[in-house]
Structures are given as structure tokens and as C-alpha cells.
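Novice:
There are 2 protein chains.
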Amino acid sequence: MSGGTGSGLRFFHDPASVAVIGASSDPEKIGGRPIRYMRESGYTGAIYPINPTRPEIQGLPAYASLDDLPQVPEVAIIAVSGATAVAQIVRCAELGVKGCVIMASGFGETGDEQGLAWQREMLDAAARSGMRLIGPNSQGLANFATGAVLSFSTLFTEQPPADGAVAVVSQSGAMCSIPYGLLREAGIGVRYAHATGNDIDVTAAELAAEVVADPEVKLLLLYLEDIADLDSLGAVARTALSRGVPVVALKGGRSEAGQRAAASHTGALATEDAVVDAFLSKHGIWRARSTRDLVAAAAFYLRPGVPRGERLAIVSNSGAVCVLAADAAAEEGLPLAPLSAGTRAALTDALPSFASVENPVDVTAALLTDSSLFGKVLPVLGRDAAVDACLVGIPVAGRGYDVERFASDVAEFEVSTAVPVVMAVPQTSVARVFRERGIVVFADEAEAVHALAQYLRHHTLIAEARARLDSGCLDPRPRDRRSEAGPGLARTALNESQSLRLLETVGVPAVEHVLVSHPSEVTAALAALGVDRVVIKGCSSEVTHKSELGLVRVGVPADDAAAVVTEMIATMAREGVASEGVILARMVKGEHEGMLGARFDPVFGPVVVIGAGGIHVEAMPDVQLLLPPFSREDALGAIRRLRLAAVLGGVRGAPPVDLDAWADAAVALGAAMLDPALGLLEVDLNPIMLLPLNGPEHPALRAVDAVVVRAAPAPDLPYR
Amino acid sequence: MSGGTGSGLRFFHDPASVAVIGASSDPEKIGGRPIRYMRESGYTGAIYPINPTRPEIQGLPAYASLDDLPQVPEVAIIAVSGATAVAQIVRCAELGVKGCVIMASGFGETGDEQGLAWQREMLDAAARSGMRLIGPNSQGLANFATGAVLSFSTLFTEQPPADGAVAVVSQSGAMCSIPYGLLREAGIGVRYAHATGNDIDVTAAELAAEVVADPEVKLLLLYLEDIADLDSLGAVARTALSRGVPVVALKGGRSEAGQRAAASHTGALATEDAVVDAFLSKHGIWRARSTRDLVAAAAFYLRPGVPRGERLAIVSNSGAVCVLAADAAAEEGLPLAPLSAGTRAALTDALPSFASVENPVDVTAALLTDSSLFGKVLPVLGRDAAVDACLVGIPVAGRGYDVERFASDVAEFEVSTAVPVVMAVPQTSVARVFRERGIVVFADEAEAVHALAQYLRHHTLIAEARARLDSGCLDPRPRDRRSEAGPGLARTALNESQSLRLLETVGVPAVEHVLVSHPSEVTAALAALGVDRVVIKGCSSEVTHKSELGLVRVGVPADDAAAVVTEMIATMAREGVASEGVILARMVKGEHEGMLGARFDPVFGPVVVIGAGGIHVEAMPDVQLLLPPFSREDALGAIRRLRLAAVLGGVRGAPPVDLDAWADAAVALGAAMLDPALGLLEVDLNPIMLLPLNGPEHPALRAVDAVVVRAAPAPDLPYR
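These protein sequence lines are chains A and B, in that order.
For the first sequence, my numbering gives the first residue as 62, with consecutive numbering after it.
For the second sequence, my numbering gives the first residue as 62, with consecutive numbering after it.
Pasting the structure below:
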């Protein structure tokens, strides 16, 4: 798979000429549909049907073979199968075709040897000439701006295309067609509908990087089953953030069962899903959780402007809908806008005396006799600076209600203000009246709030990612041997003393300690530490669970220290583990125990883990992931998302701990993980003692236990 | 509000005669619609329109007043407002009308004094004659079996009624009409559509208890904004469980914002939402979280039979849909069915070689050329004992696909097996073909799995509740003075020694201790305890935070104990708190720290809290609620739902703790809370030391700290 900046695939989107190898006279067949679609969509380039058995196909002259064409086509669609497909691809490469869209299936996705061998042949041929390949097993690419519809999706006949501001790029044919169909059903134009298939050369992400640069594209929807082409996905995000184009991604395989299913049909590498979340979130890409999620907020994204915040105002003629919408907002984490005194006074003037002028605003059944109520209430809410979005719920409005008036009032409000409106209208007949005016309508309050919440919170995510883009945190990073070598890389575990000193060097405060190799050094060590009670630990890179061997003693009085050191040296000798000395360390008791960890993901590279510490990190995890480089703000954001965050500010008389110190340590660890010279593979600091913000210790944090693993051979360690 | 067994409201459902006070000639007006609906729905009783200005209304003779009627009507609809409504209700009571449906609004729901006074007048009149009242502010009641449609819902014209097996009972008009409309839109018949309003006499729950006893009712949907009439709701649950009728409830006001909104429009009492959850769950009532949730699984519930388990098989012609459906199943907690070797072999025979014969089953695009694939695969899955339900996802199937064949295959499978099927079909045109055959279809895989999960998991909940019904855990309970007196009840806090001894008496193991009042008693106390180190605590019912006053010392050596006791007595004297002695207690260190608590909810009565112990119970809660009486199994279920559960079985070499002991202590505490003679109001046991299952201590659990508050005046305490 190859990454790219997305600038070299123009010919797939606007080819001067297209050959269809395996062209069919039947416009419903795979080899027939692209021809039909291109002609219906106004494609102005040359179309060359290739089929040795027919003189004419769909009214166009047909050719017996590639070699009979009047010119070398810029792109070829491969709608023949197996060995024939491979032979045609080889010939395309020889002739100088720029790109092939390989619709044939029966290759790598079947998992059989023949299919994989054929894929290698295709790749070899393409590599020799610089030709690019889409697929195989691709439903094809569609650009409705140029009419280059190199696709056999049946949905283009079910839901006729209309050029628009949305691009859909998917590794799956179905997951290209479904969003396309749902968008078109909602009356939303779609420019690109790409389904790439096996991604043996051009990846979905590489194509996405190209389409997101199209100035007419205002929203990019992605369906991915792997995130192998990280460089292209990073490029997608950077272009999207620069251009202000929101990106929504549905990544199949969130669960273990889903990953197994994905592996069985695409061979996608299993990745820890939380890392995918961290990557997408860091890059401002909203992660949809279902097909419907992928498109639910599309209409909002296409509005002009961006939302100014996340505070919601709710209006309904039903008290129950007010209650349920408020519940839904709480569930989605959207705060209700506190209305100003001026707004409440204006609402009091506008509404019957028994209506509620708090948020939610219940205009009551008085709507039946006063059809102007929405038209009066919405502008009042729109003028309140605290209101960032409005939900209007109309559960019942049949005969007797002036629905046309409600719709024109809402539509007028929408164009006169920057405040987005979403409606919850269960009655199909009533909903239709609002939809016809371009208003976003959902059938129930929970769906409406869910979609609106995505839109509002995504813009917060985008703003945070935009700051990362500006500060260089999203810059492309060179890979180093730790990624390339993968799990085969030789590893060197540092002992605890080495680990602690390495941490200090890179900026993670570690507990003060002295390594002694003989009891005679204890007195000097204690003097250096300036303490009268110490922690004593046997130090050996060969022992991971020191406590179980009796190699950890806490609170040892100065007088007993030498004896304990003697005993530990003896224990290590008896257990047959290499003694690398005995650690005498200051005792540090944290107000709380945190942890910091880091590892090297084969796909995503360095990953930092921050969370609650202690012995139950695995069994009761309370952790967040961060992908370096990241800022102190990013780390503080991760800390705030921990359950532990509820107590870090100080509860029950306890002092608050120094969160900045913890965040800074995480940033330092992230930077260290990025440094190829350090060659870090794994870091496990648990516990990290979190100390009071204004206490005597600076920095108010200490790693007291450390395991560091580096790639070997590593440069000589300056740490003893 | 009054409870009831639901047997005394027949006249509202099948009245011999109905007077409509404020009858209108306009069949779209509130006073006109019930007349129109009753006549359209085949109501065979007498209808008496009352309107002094007209001789005839909608073709029926009209009467000037109640007193002019040829007979006393069994039920009267009150469609006049304010003082007139009150006067008519008073006259109804005098004449011997059995029940009024009060549609007029402007009463208690406005919160103004006049409205509340009018409501009291209505209630007083009704109480004098035994007349029952629905409302005021009620949209009315509808029984489509008898044609007694005493309702003005506009939805009955938008979506014409059809009698069926579903009953909808709601406190809100909108939340009666919305589910009614959605069910009818899905082609599902509705027998009852009741909207009660202010519930000043008959409550929604009391009505529900009556309708759920109707032998034709197979599903009850409830919308509630308060759960004040707990007795009726309990009766609903018992009847429903006995009859095998699933009950789904949407309770508005889950969130604080929602509760505030509910209070503003109905005056509903704010209740801790987790207690509502516990009550509904205990009674086998599924709690919907949105309007759509309330009706989403209705079609499943109306199937014959009950599901045999929760294991899902997924079939699709798209690998991506297989992946996404597996993700959705994981998110909803539905396990995928492991297919037997026989099933896999049969699938291998039925499917192309490159298709997946694991679950999910990807029949691949081969479906385009072999329309029999679903018909071959489904029966194979249905025969596998591990498959409890099937999801069929068809993302793309337009021209070229034999959708009629797929639909007939699925429909045939549905009737020939007990395995429920749900479909995920985004294309409206394709979905229609399946819906026409009565198959349950959703637009996307997440919605389909969500609804199916509700259906399957609700049956597990029902089975658990059914066991509670059989063992008497759901029996109606008499209220005692603790509920009646509410927050005004005088309270007596026990001191720690009294608290611990009380716990021992009721069956909660507490730490062994001796209470001394003078240092001279220490030696004997230590001998009695048989220990050489003790915990020493000052004992005073006036001190809640002993540690802060230095009144807790842990690990005191025997030799120092007398001095510490002396010091604590002095401290209590100095702090001016009543000394009730000094506790010397055995030291107990738990493998883990749990907590048990109990309190008296003004609505729900006794509530037991079980969870992780420690000082952060409030800030980082990990608790579950249980409503007594409950069984050891119920308590174990609650423990298994704790995050802490992940470590209780023993991790990192730690022994498992005795969960049965903890569960039994919870059961004992629950029983104690139910005992009016004990008069317990609050119990807080934190921490509870959880001890190893096979360790030396029996029972393997000790409460080491206890605060008990009883209602005062209480019977003399036998505990010192």
C-alpha cells in the first residue's frame, strides 16, 4: 500500500478516456453499468468498450482488444475476471495506461493462494510502469462533477445522482452505496461515491486525500475496515482542517467479533480499537458508530457557518417532549442554555401565562389556537447569546394546526440567524412539510439530539485539532526501525535504576534513589538521600515481580538498611537472578496514584497511556490514550476524561494534586517515545505518585516504579 | 392519588352511556371529536351530547343539561373549562355518574392557586359519591374494542384505528399519540390509547393495571412522568408477569434537566433516577430511553412464543454489514452464536467456496447470481441450537436482485421456526417488500440490533422477575410510618457500638469489639478479644467524622491501649461531645473494601446500596441499588454489575473473596429495612471488609464502621 499527498490521482477523477474491458451491452451488468452511467452523467471524454464478440455496445463502437483502440486510454475498467483480468492489467501497464479500476473479485479477499498470487502479478506490472490500481474487488469510483462514473453501484439507478458537496469514500461497496442512497433520499447532492475494495495499491485514504482537496467538497464521509495507510489519512485530516471540511469516519471492527469478521473478509490487521479512537479524535475526525450515524448530521454540516457552542434550547408544544428532549440532551452531554432575564421577559410577553419561560420552553397546547407561537419564540431564543442551537419538538400537529405557518416560521428563523435548528416530528405527514423547506427533521427527540450533538461536538473536536495542526502536532512523521521491524525487533529490558534515571533525563520526575552494590555503601547513600527511613529494592532487569521474591521493603529505618541490603543481595544470588545492585529510595506517598505507560503500536507507532494507577490497572482500567506528539492541554483533556478526575481536585478535605505536572510528564514521555535515538518500545510507570499542588515537593509528581524496554541493539546507555 | 387492583374501572372502558358536556357540532373540536370517534368506532352505548345552544349535534339529539338526560350517564366527558367544569363535575357526582374524563386544562398543571383549588373541589365532590376522575388536562381514554373512544387525540384521524393487542397508557397526551401513531404506521393494531393528564384521582398506573388484565392485550407501553402510584404499578407488573405480557415503560425525567422540566409542567416529585431503574428492573419492566425505543421492538413482542436465549446469528451479502452488525451486537451485549460443526458443514455445502461459514455468515455478492442463498442459509442457522435470533442485512439489492424471493424465504423461515428474524435494509423500496410480508425491518444494523437486543434481554429480565413473583419478592407491602411521615420524621443516630451490635442482630457480620468506659477495663477487653493490637475509636453518636478529631487509632499495641483510651475520653470531653465510651475492636484487613448502605426513599421505601467501598464512594461511585425484599441471586447479580467485580474473583495472585457472604449481608440488611419495628432510616457501612472465600474467617466479611439512623421515638434499644 502506498501513501501520498492526494495530488497524483487526477486521472481517476477526470480521465480523458476510459476503456471498459469486459464491456456489456446490458446496462444492468457490471461491464455495462459504467458505460451507461458515464453517458447519463455527461462524461465528455472518450469511452472505449472492449469486447471481442460485438461490433457495438450501448450505441458505441466496440473494440476487440486494448491494442485496437485509436489511443491509449487514460484509465481502464477491468470487468473481466481471474487470469484474464491479470493479463489485461499487464497489457494496460505495457501500453501506458495511467490507472485501472479492477472490479473483478476472486483475488486477495478470498484468502486463497491463487488470488494472492494474481494480486502480486498485478502489482508487479503496475510498479514497472507507474500505473495505479484501484481494487481489485472494487465497486468503482464515481465523480458526478465530471461524469466519470467508473462504478457499477446499482444505487445510482435506484437514487439518481445529483452533484453536490459531499464525498463518500469507502473500502466497501455496500458502505459506499448505503450512505450515497441515504444522502440522496434526503435530497443531498453527492459528488464522489468511491468504493475501493482490496486496496492493494491506491488506498481509500489516498483517494480521500485527493477528493477532500476539491474546493466544492464540504463534507467527507469515510468507511474504513483498516487504517493501514496512516500517512494518507493524516494528509486527509490536514487538508480537511485547513479547508474547514468536516470528516466523519465509520471504522468497522470496533469489537472483537467485528474485527474477526473484518479479518475474514478483508484480511484487515486487528488493531486495538481505542488507538483508532485516539488517532481519529486527535485529527478532528468524528467517529460514527453506525451506518445511520455516518450520514445523520450531514445536513447540518452543509449549513453555512460553524456553531458557536454546544448549548441547546428546547421548544415544544408538549411538556412530555420538553422532558424527553432534556433527558436526551443530558445523555449526549449537551448543556441546556441558561436563558437571560431579557429572554425570559420576552418569552413571558410572547406566551400564555401558564407556559414555561424556562429552557425547555413549553408553549403548551395554546399552539392550537395561536399558530404564531413558534414564530414569536424562536427569534427571542436566537437573540440570546447563550443559545447555540435549538430543538423544536412537535409531537402532534394534524388537522387544526397551521403546520405550514410553523414551517415557514422555522425556515425564516434558520436563514435569519446562525443558530442551527433541528426538529423532532414523529408524524410523517407533518415532517414532510418541514423537510420541503429544507429544515432538518428527525422522527424522535433522541435521534434529533444525537445528530445535533455530533454536529456541535464535532466542531469542538475540529477546533482542538486545528490548534494541533497549527502547532505542528499533526505533521507527518518519518517511520523508524521500530515500526519497520515490527514484533521481530530485539528488546532490552532496563533495570529499575536505569529506567528511573532514563526517565529523569527525558523529563519525567522520578523518585530520588541511590544504587548500592554493597552494604558498606548504605551510610553514604542514606546521607545523600537525607532521610531516616527508605524504600529498599533489589535491582535486576531479570526480575519483574520483585515483591513476590521479597525484593521490596518499604519504610526501612536507617539502622536496619544495611542488613536489608545484605539480605537482598543474598536473595538474588539464591534465586539465580543477576544482581545489578540494590536501590535505596526516598519514600514518597502520593495523594493519589496515577500511571503512565507507553508502547509502540505496529500501525500507529508510539502510544502513551495515562490513567489511574495501582494493581488493578488491567482488571479495572481507567485510562486514556494519547498519540504523541501532544500538548499539555491534550494531556489535561485526557486526565479530565478519567473517572479518577472526580477526586483529583480534592474531595473530603484532601488537597488538589498538580495536574499540570502529570500532564507535563505525559508530554515528556510522548516526546521520548518519538525519539528514534532513544529507541523506547515500552514504558510502564505505575504507580506515579500524584502530589499536592501547593505542597513542599516540586515537581509535585514522582514515578516510584519503572519498567523501560528499548529496542536492541541500543546505543550505549549513559545510565547505570 | 389512589391505587387499586385495576378491577374497578370497567365503566371507563365499556360504559353503557356517555354524556359529553360541552359537546360540539364540529367533529374537529375537543367537544366534537369523542362523539365522532365513538360513532366511527362502533360504540353501541348511548351518547348524550350536552350543549344548551343546540337541539342536535352531529346528528344526535342534544340536551341542555345533565338534568335533562333520559338516564344518568355512566361516564361523562368534561369538555368545558374552569369553574363551569367544576360545577358540572359536582353535578355528575350528585347524580351518580360513575366516572368523569376531564379534558379541560387550566388546573393543577398551571401551578396557580385557583387551578389547585378547583382540583380540590372536584376531588371532594367525587369522594362524596365514589365517582372516579380521569384528568383534568386529560386527552382522554380510548378503547377500540368497545368503541368507547373518550378522547380528542387528533392522531385517530391521521392514523385510523384498528383494534389489536397493544395497550398504550400515558400521563401525557403527546406520549399517547406518538406511540399510537408509530404503531399504526407499522401496521400494528392498538386496543387502548389512554392519556390521563394530571392524575388527581385515577392514575395512569391504575388504568394500566386494568388494561393489562385484558386477555387480548399482549404488550403494554407506558409513559410516566412520576411513579407516585407505586401500588398500582406493582399490580401492573404482577398481572403482566402472570399473564406473560411484556411491559415497556418510558419514564420522563431521567436527567436533572429533564426532572426540572417535568416538575415545571406536572409537579412530579424529583426521584433519584437510579431507584426508578431498580424498581422497573426488579418488576421485569423494560425501561425505554426514548420515544422510538418505546415502540421499536413492538413487532417482536407480538410474535408467538418467547426467545430461548440472546445469541445472535448474522447473515448478509455484504462483508461490511457483517462487520458492523457484529460491532453493534457487541455494543448491545448480545453474544454471537458459536456455530456447530454440523452447521458449518451445511453452510459450506450451501455457499460459494469463498463465502464465510463462520458467524457472521457473509453470503457475498454471489447473492446476485444465486437468489436461493438466504433460503438455504437461514434454515441451517435455525436448526443450530446455539442460534437464538437472526439478523439479515441487505444493504444493496435493487435491479438484478430477486428481492421477492429473499422476502418469501425469510417469511417462510419465520413461520417455520421459533427463531426471530430482524432485517437491516436501508433502501426504502427494498424494505417495503419485506415489510409487506410482516417481517421486522430497520434501516440500519445498529437500530435492528438495538431493538432485537431489547426483545431478547427483556425476556431474560422477565424470567428473573417471574422468579421473584413466585418467591413473593414482588408481593404488595404495607406502608409504615416511615413513608407516611416523610422527611418530617424525627431521627435518632445510634453510636458506632450500638450500630455494630444492631447489625449483628439482624444478620450483618460486624467486627468484634468491646466498649469500655474507663481505661481500667482495657485489659479485660483485650483478653476478651484475644488480640495484641487493636483499633481504638471514640464512641459518640454526636460525632460523624471521628478521624478528624483524632478519635480513630489503628494498630495500637496492647501496652499502649489504656493510654489511648484515656486520651480519647479526654478528647471527647475537650470537644464537648457526649462520650458513650471507647471502642476496642479487632483489626480486620479485607482483600477488598466494599460498602453496604440503605435509606428510605419517600416514594419507593427502603433502598439498599451495594458497591465499592472507601472514601471516594460519592466522587467515583461504583454502586448498584436493590429494592428489598430481594434474594441472594439478586444481590449477586448487583455485585456482578459493579466495576469492582472484575477483581473480586482474584487477580494477580489474590484470592477470590466470598461473594455469597456479601450478598447474604445485603439480603439481611434489606430485610431489616423492611421491618417497621426496627424503624431503620439510614444505614452506612463503609468499608465492609471482603475476606477470602476459603480463609480462616467465617463469615468471610466484616462491617468495620457503621452509622445507623432510626426513626424516633424508637422502641428501647437492647444494645448498649
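We put the beta carbon where it would ideally sit given N, CA and C, even for glycine.
Is the distance from the Cβ of alanine 485 (chain A) to the Cβ of glycine 454 (chain A) below 7 angstroms?
Specialist: In contact: alanine 485 (chain A) and glycine 454 (chain A) (Cβ atoms closer than 7 angstroms).
Novice: If you follow the alpha helix (DSSP H) that cysteine 237 (chain A) is part of, which residue opens it and which one closes it?
Specialist: Unbroken alpha helix (DSSP H) run through cysteine 237 (chain A): 235-246.
Novice: With DSSP as the reference, please indicate the residues paired to histidine 255 (chain B) in a beta bridge.
Specialist: According to DSSP, which records beta bridges pairwise, histidine 255 (chain B) is partnered with B:Val230.
Novice: May I have the straight-line CA-CA distance separating glycine 305 (chain A) from valine 273 (chain A), to the nearest angstrom?
Specialist: Glycine 305 (chain A) and valine 273 (chain A): Cα-Cα distance of roughly 10 angstroms.
Novice: Just to confirm the assignment: which complete beta strand (DSSP E) runs, minimum length 3, are found wholly within the stretch 266-301 of chain A?
Specialist: 280-285, all fully within the stretch 266-301 of chain A.
Novice: Expressed to the nearest angstrom, what Euclidean distance is found between the alpha-carbon atoms of asparagine 747 (chain A) and alanine 624 (chain B)?
Specialist: In a straight line, the C-alpha of asparagine 747 (chain A) is about 40 angstroms away from that of alanine 624 (chain B).
Novice: Of all the options A:Asp620, A:Thr632, A:Ala619, which has the alpha carbon lying nearest to the alpha carbon of valine 613 (chain A)?
Specialist: When each option's Cα is compared against that of valine 613 (chain A), the closest is A:Thr632.
Novice: Quick check on isoleucine 249 (chain A) - is its C-beta less than 7 angstroms from some C-beta in chain B?
Specialist: Taking Cβ atoms only, chain B never reaches closer than 7 angstroms to isoleucine 249 (chain A), which makes this a no.
Novice: Using the rule of at least 16 other Cβ atoms within 10 Å of the residue's Cβ for burial, across every protein chain shown, is valine 670 (chain B) buried or exposed?
Specialist: Buried, by the Cβ-count rule.
Novice: Using DSSP with H/G/I as helix, E/B as strand and the rest coil, what is alanine 80 (chain B)?
Specialist: In this structure, alanine 80 (chain B) counts as strand in the three-state DSSP scheme.
Novice: Helix, strand or coil for alanine 775 (chain A), going by three-state DSSP, please let me know.
Specialist: For alanine 775 (chain A), the predicted structure reports a pLDDT of 46, less than 50, and the residue's modelled location is therefore unreliable. A value from the coordinates is still provided. In this structure, alanine 775 (chain A) counts as coil in the three-state DSSP scheme.
Novice: Are any of the Cβ atoms in chain B nearer than 7 angstroms to that of valine 501 (chain A)?
Specialist: So no, valine 501 (chain A) is outside the interface.
Novice: At 3 residues or longer, and completely inside the stretch 91-176 of chain A: list those beta strand (DSSP E) runs for me, N to C.
Specialist: Runs found: 107-111, 136-139, 160-163.
Novice: Does DSSP put cysteine 451 (chain A) in a helix, in a strand, or in coil?
Specialist: Strand.
Novice: Is histidine 520 (chain B) helix, strand or coil when you go by DSSP?
Specialist: Note: histidine 520 (chain B) maps to helix in three-state DSSP.
Novice: Nearest-angstrom Cα distance between glycine 616 (chain A) and leucine 590 (chain A)?
Specialist: Spanning the two alpha carbons is a distance of roughly 14 angstroms.
Novice: Since serine 608 (chain A) and leucine 555 (chain A) are thought to touch, with beta carbons under 8 angstroms apart, how far apart are those beta carbons, to the nearest angstrom?
Specialist: Rounded, the Cβ-Cβ distance is 19 angstroms, inconsistent with contact.
Novice: Return the CA-CA distance between glycine 41 (chain B) and leucine 282 (chain A), expressed in angstroms with no decimal places.
Specialist: In the structure displayed, chain B extends from 62 to 781; residue 41 (chain B) sits before or after that span and is not available.
Novice: Using a threshold of 6 angstroms, is the CB atom of glutamate 174 (chain B) nearer than that to any non-hydrogen atom of the ligand GDP?
Specialist: What this structure holds is no ligand at all, so the ligand GDP is not there to describe.
Novice: By the 8 angstroms beta-carbon criterion, what residues does the stretch 124-149 of chain B contribute toward chain A?
Specialist: Per Cβ criterion, the list is empty.
Novice: What three-state label does DSSP hand leucine 703 (chain B) in the structure shown?
Specialist: Coil, per DSSP.
Novice: I need the straight-line Cα distance from aspartate 621 (chain B) to alanine 646 (chain B), nearest angstrom please.
Specialist: So the alpha carbons of these two residues sit roughly 14 angstroms apart.
Novice: Give me the Cα-Cα distance between alanine 673 (chain A) and arginine 704 (chain A), rounded to the nearest whole angstrom.
Specialist: Rounded to the nearest angstrom, the two C-alpha atoms are 8 angstroms apart.
Novice: Identify, in the order they occur along the chain, each residue of the same chain with its Cβ nearer than 7 angstroms to the Cβ of glutamate 246 (chain B), setting aside the five sequence neighbours on each side.
Specialist: Once the five neighbours on either side are set aside, the close Cβ partners of glutamate 246 (chain B) are Gln220.
Novice: Cβ of methionine 236 (chain B) less than 7 angstroms from any chain A Cβ?
Specialist: Yes, its Cβ sits closer than 7 angstroms to a Cβ of chain A.
Novice: With 9 angstroms as the limit, tell me which residues of the stretch 261-289 of chain B have their beta carbon closer than that to any beta carbon of chain A; keep them in chain order.
Specialist: So the close ones are Tyr284, Glu286.
Novice: When burial is assigned at 16 or more other CB atoms within 10 Å of the CB, is arginine 529 (chain B) buried or exposed?
Specialist: Result: buried.
Novice: Taking one C-beta from the stretch 420-431 of chain A and one from the stretch 179-191 of chain B each time, how about it: are there three or more such pairs within less than 8 angstroms?
Specialist: Too few Cβ pairs lie closer than 8 angstroms, so no.
Novice: State yes or no: is the C-beta of valine 643 (chain A) within less than 7 angstroms of the C-beta of glycine 599 (chain A)?
Specialist: Contact flag set, yes.
Novice: From glycine 461 (chain A) to proline 421 (chain B), what does the alpha carbon distance come to, in whole angstroms?
Specialist: Straight-line Cα distance between these residues: approximately 50 angstroms.
Novice: Should lysine 312 (chain A) go down as buried or exposed, given a rule of 16 or more other Cβ atoms within 10 Å for buried?
Specialist: The residue in question, lysine 312 (chain A), is buried, as its Cβ has 16 or more Cβ neighbours within 10 Å.
Novice: Secondary structure at histidine 574 (chain B), three-state DSSP: helix, strand or coil?
Specialist: Strand at histidine 574 (chain B).
Novice: Note down, one range per segment and in chain order, each alpha helix (DSSP H) of at least 4 residues found wholly within the stretch 574-610 of chain A.
Specialist: Entirely contained in the stretch 574-610 of chain A, the alpha helix (DSSP H) runs reaching 4 residues are, in chain order, 583-590.
Novice: Can you tell me whether proline 776 (chain A) is buried or exposed, with buried defined as 16 or more other CB within 10 angstroms of its CB?
Specialist: Annotation note: pLDDT 49 at proline 776 (chain A) (below 50); position unreliable, coordinate value reported separately. Exposed.
Novice: Counting Cβ pairs closer than 8 angstroms, one from the stretch 533-547 of chain B and one from the stretch 385-395 of chain B, do we hit at least three?
Specialist: The stretch 533-547 of chain B is not in contact with the stretch 385-395 of chain B.
Novice: Name the chain A residues that come within less than 8 angstroms of arginine 100 (chain B), Cβ to Cβ?
Specialist: Within chain A, no residue comes near arginine 100 (chain B); the closest Cβ sits about 17 angstroms away, beyond 8 angstroms.
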